[in-house]
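Using this note's numbering, read the sequence shown as starting at 1 and increasing by one per residue. Cβ coordinates follow ideal geometry from the N, Cα and C atoms, glycine included.
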Amino acid sequence: DFPEALESARNEARNAFGDDRVLLECFVSGPRHIEFQIFGDQHGNVIHLFERDCSLQRRHQKIIEESPSPFLDEKLRSKMANAAVAAAKAVKYTGAGTVEFIVGDDRKFFFMEMNTRLQVEHPVTEMITGLDLVEWQLRIAGGEKLPLSQKDVKQNGHAIETRIYAENPETGFLPSTGTLQSLAFPGLNHNNSADNRATIRIDSGVEQGGEISIHYDPLIAKLVVHADSRKQAIRTMQTALAQSGVLGVETNLGFLQSILQHPYFDAGKMDTLFVDSNLESLLEENQDSVDWVCWGTAIACLLEDYAESETKAQESMEPCSPWNSLNNWRSGFPEPHRVQLRNQQGTETEVMIIKENNSFRILNETEGILVTVSRHGDLLDLSWNTKGLEEFGHHLLVLMDDVQVLTVHEKGRNYFTRLDPLAFEQSEEESDSRLSAPMPGNIIRVLVQAGDKVISGQPLLVMEAMKMEHTINAPADGIVEQVFFQTGDLVQNDAELIKFSLL
Numbered sequence: 001d002f003p004e005a006l007e008s009a010r011n012e013a014r015n016a017f018g019d020d021r022v023l024l025e026c027f028v029s030g031p032r033h034i035e036f037q038i039f040g041d042q043h044g045n046v047i048h049l050f051e052r053d054c055s056l057q058r059r060h061q062k063i064i065e066e067s068p069s070p071f072l073d074e075k076l077r078s079k080m081a082n083a084a085v086a087a088a089k090a091v092k093y094t095g096a097g098t099v100e101f102i103v104g105d106d107r108k109f110f111f112m113e114m115n116t117r118l119q120v121e122h123p124v125t126e127m128i129t130g131l132d133l134v135e136w137q138l139r140i141a142g143g144e145k146l147p148l149s150q151k152d153v154k155q156n157g158h159a160i161e162t163r164i165y166a167e168n169p170e171t172g173f174l175p176s177t178g179t180l181q182s183l184a185f186p187g188l189n190h191n192n193s194a195d196n197r198a199t200i201r202i203d204s205g206v207e208q209g210g211e212i213s214i215h216y217d218p219l220i221a222k223l224v225v226h227a228d229s230r231k232q233a234i235r236t237m238q239t240a241l242a243q244s245g246v247l248g249v250e251t252n253l254g255f256l257q258s259i260l261q262h263p264y265f266d267a268g269k270m271d272t273l274f275v276d277s278n279l280e281s282l283l284e285e286n287q288d289s290v291d292w293v294c295w296g297t298a299i300a301c302l303l304e305d306y307a308e309s310e311t312k313a314q315e316s317m318e319p320c321s322p323w324n325s326l327n328n329w330r331s332g333f334p335e336p337h338r339v340q341l342r343n344q345q346g347t348e349t350e351v352m353i354i355k356e357n358n359s360f361r362i363l364n365e366t367e368g369i370l371v372t373v374s375r376h377g378d379l380l381d382l383s384w385n386t387k388g389l390e391e392f393g394h395h396l397l398v399l400m401d402d403v404q405v406l407t408v409h410e411k412g413r414n415y416f417t418r419l420d421p422l423a424f425e426q427s428e429e430e431s432d433s434r435l436s437a438p439m440p441g442n443i444i445r446v447l448v449q450a451g452d453k454v455i456s457g458q459p460l461l462v463m464e465a466m467k468m469e470h471t472i473n474a475p476a477d478g479i480v481e482q483v484f485f486q487t488g489d490l491v492q493n494d495a496e497l498i499k500f501s502l503l
């Protein structure tokens with residue numbers, strides 16, 4: 001694979017800088033990506049604001065950062081901090097900067113690069129130091145001295161940041177584009193954290209109804225937490241992710257939840273290869289589904305039906321008419337409400353529900369299960385009034401549009417399609433002869449032509465979108481019948497790229 005990887009790197013360098021030369025570096029076993037935030041002023045003063053561990057990455061890009069690093073002891077932290085400050089002093093650096101290192105499992109560290117700006121993950125440092133780094137940058141640019149000396153900078157508690165991306169982990173983290181139909185973050189729905197002394201911060205540049213396009217990085221938001229200890233910070237982040245959801249584009253939110261629950265993350269045993277090495281199990285956990293989640297989702301759908309029914313009744317000429325009500329009264333036993341859902345694995349379930357005063361009885365089990373529901377915006381608090389259900393969760397975030405429903409809980413998230421039992425559902429035509437664009441982008445290389453015989457997995461063409469290359473491979477042995485685009489063309493999502501026939 002090395003020749004192909006080298007050619008890809010050279011191509012990216014040539015397109016970005018007009019220079020396709022690359023550097024070959026030494027191999028580091030169990031590499032961790034650890035960086036130090038530094039500041040220098042115009043008066044020769046340089047200090048550091050401690051480290052950020054950025055080892056959790058996909059496609060060589062950070063997705064989770066934390067401070068302090070669970071890998072560093074005080075001796076190694078001091079050596080790396082001194083090296084970072086020395087590097088900045090050597091070039092008479094002024095302003096905010098990040099000195100980045102690779103640290104091996106033998107605890108040897110190597111200089112990688114220096115970023116001469118505030119980075120995406122700078123809120124992690126702000127959380128553990130209590131300092132406003134943007135203010136510092138502005139003051140230094142105005143000629144002021146550093147506000148603090150090194151001995152006055154303190155490291156307090158533990159902070160974790162997760163980056164919420166519009167991307168699909170199941171397709172190699174390909175970016176996802178579209179309209180943000182629904183957005184939910186902690187604080188916008190329910191002011192709650194695992195520890196009332198913990199802090200949750202959301203940095204976002206998008207809003208509901210906005211577009212995620214191919215022209216910008218697919219970052220939706222940064223979710224940052226701070227607590228007294230790493231254990232508390234992890235728990236707070238798990239709670240915060242369980243209160244976060246997006247409808248309209250694919251996201252990595254469920255994948256982030258899977259990482260936060262992994263025993264290696266809990267033990268701080270992560271390196272830059274963690275995601276690649278554990279990808280299959282992380283994706284499997286991301287798709288896990290349980291009955292109580294389906295039942296809670298059905299109740300949320302029913303509550304939404306009640307609300308819509310009430311609105312229509314108020315807007316009608318006869319607001320008190322029984323025809324404007326979802327009342328399930330019958331002369332004998334009440335008729336259950338029936339909500340039909342299909343999960344992301346294609347399994348269909350009909351949930352039968354009877355409303356009893358302020359509770360709902362689920363009739364899918366022989367004995368019936370009673371649950372009391374309290375609704376706070378998109379959040380549901382569930383109290384299961386039946387013994388033996390200790391494994392059931394008590395909180396759900398439910399976002400929905402006309403058909404799709406996203407349900408988030410502390411162990412993950414599930415997508416459901418709400419089915420209309422009276423609607424005719426047209427089956428999709430299956431075809432192995434159509435290779436489509438997984439996203440909008442530019443065609444940068446076409447590797448085959450009509451009439452070529454290809455083998456399974458052979459690269460056919462290469463697209464570029466959101467600063468990343470994506471190779472379209474042959475799904476099986478076959479013959480290329482037609483290529484619809486050429487190098488330089490812009491294609492839309494799901495556009496047919498190549499007509500392909502199986503051998």
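Per-residue burial, residue 424 [other beta carbons within 10 Å of its own, 16 or more giving buried]: Residue placement at residue 424 cannot be trusted, given a pLDDT of 47 that sits under 50; what the coordinates show is reported in the next sentence. By the 10 Å Cβ count, residue 424 comes out exposed.
Backbone CA spacing between residue 359 and residue 351 [nearest angstrom]: 15 Å
Cutoff 6 Å; reference residue 52; Cβ partners in own chain excluding five residues on either side: If we look at residue 52 and ignore the five residues flanking it on each side, its Cβ neighbours are 35, 65, 67, 121 and 124.
Rounded C-alpha distance that separates residue 385 from residue 370: 5 Å
Selection from 338, 85 and 37 that minimises the alpha carbon distance to residue 54: Nearest option by C-alpha distance: 37.
Runs of beta strand (DSSP E) wholly within the region 137 to 179 (minimum 3 residues, chain order): Listed in chain order, the complete beta strand (DSSP E) runs (minimum 3 residues) inside the region 137 to 179 are 158 to 165.
Complete beta strand (DSSP E) runs within the region 86 to 140 (minimum length 3 residues, chain order): 95 to 103 and 109 to 115
Cβ neighbour criterion (16 or more within 10 Å) applied to residue 41: buried
Selection from 349, 365, 280 and 63 that minimises the alpha carbon distance to residue 163: For the residues 349, 365, 280 and 63, the minimum Cα distance to residue 163 belongs to 63.
Sequence-distant residues of the same chain with beta carbon closer than 8 Å to residue 493, five excluded per side: 177, 437, 438, 439 and 440
Close-in-space but distant-in-sequence residues of the same chain around residue 445 (CB under 7 Å, 5 per side omitted): 461, 462 and 487
Euclidean distance between Cα positions of residue 302 and residue 388: 25 Å
Same chain only: Cβ atoms within 6 Å of residue 16, ignoring 5 sequence neighbours per side: none
C-alpha distance - residue 160 paired with residue 11, whole-angstrom precision: 35 Å
Selected residue, minimal CA-CA separation from residue 187, among 347, 376 and 470: Comparing Cα-Cα distances from residue 187 to each of 347, 376 and 470, the minimum goes to 376.
Spatial distance of residue 498 from residue 484 (CA atoms): 6 Å
Burial state of residue 237, where buried means 16 or more other Cβ atoms lie within 10 Å: Note on residue 237: 16 or more other CB atoms within 10 angstroms of its CB, so buried under the neighbour-count rule.
Supposed contact pair residue 146 and residue 569 - C-beta distance, whole angstroms, cut 8 Å: No answer is possible for residue 569: the residues shown for the chain start at 1 and end at 503.
Proximity of residue 99 and residue 88 at Cβ, strictly below 8 Å: yes
Outcome for residue 3 when other beta-carbon atoms lying within 10 angstroms are tallied against a minimum of 16: The residue is exposed, with fewer than 16 neighbouring Cβ atoms inside 10 Å.
Contiguous alpha helix (DSSP H) assignments of at least 4 residues, all confined to the region 26 to 50: none
Beta-ladder partner(s) of residue 482, from DSSP: 499
Spatially closest choice to residue 344 from 399, 296, 321 and 415, by CA coordinates: 415
Own chain, CB closer than 6 Å to residue 119, minus 5 neighbours either side, in chain order: The beta carbon of residue 119 sits closer than 6 Å to those of 98, all from its chain and outside the five residues before and after it, given in chain order.
Buried/exposed call for residue 93, threshold 16 Cβ in 10 Å: buried
Cα-Cα separation, residue 136 to residue 142: 10 Å
Buried or exposed (CB count within 10 angstroms, at least 16 for buried), residue 43: exposed
Rounded C-alpha distance that separates residue 471 from residue 490: 15 Å
Completely contained alpha helix (DSSP H) runs for the region 247 to 277, where each covers 4 or more residues: 253 to 261, 263 to 266 and 274 to 277
Residue range of the beta strand (DSSP E) that includes residue 441: 441 to 446
Cβ separation of residue 220 and residue 165, assumed to be a contact under 8 Å, to the nearest whole Å: Under the criterion of beta carbons closer than 8 Å, residue 220 and residue 165 qualify as touching, at roughly 7 Å.
Proximity below 8 Å, CB of residue 104 to CB of residue 31: Against a cut-off of 8 Å, the Cβ pair of residue 31 and residue 104 comes out as a contact.
Validate contact between the region 259 to 269 and the region 194 to 213 using beta carbons, cut 8 Å, 3 pairs: no
Contact check, residue 405 vs residue 251, beta carbons under 8 Å: no
Closest Cα partner of residue 182 within the set 247, 23, 134 and 267: 247
Limits of the unbroken beta strand (DSSP E) element including residue 476: Segment: none, residue 476 is in no beta strand (DSSP E) and carries neither H nor E.
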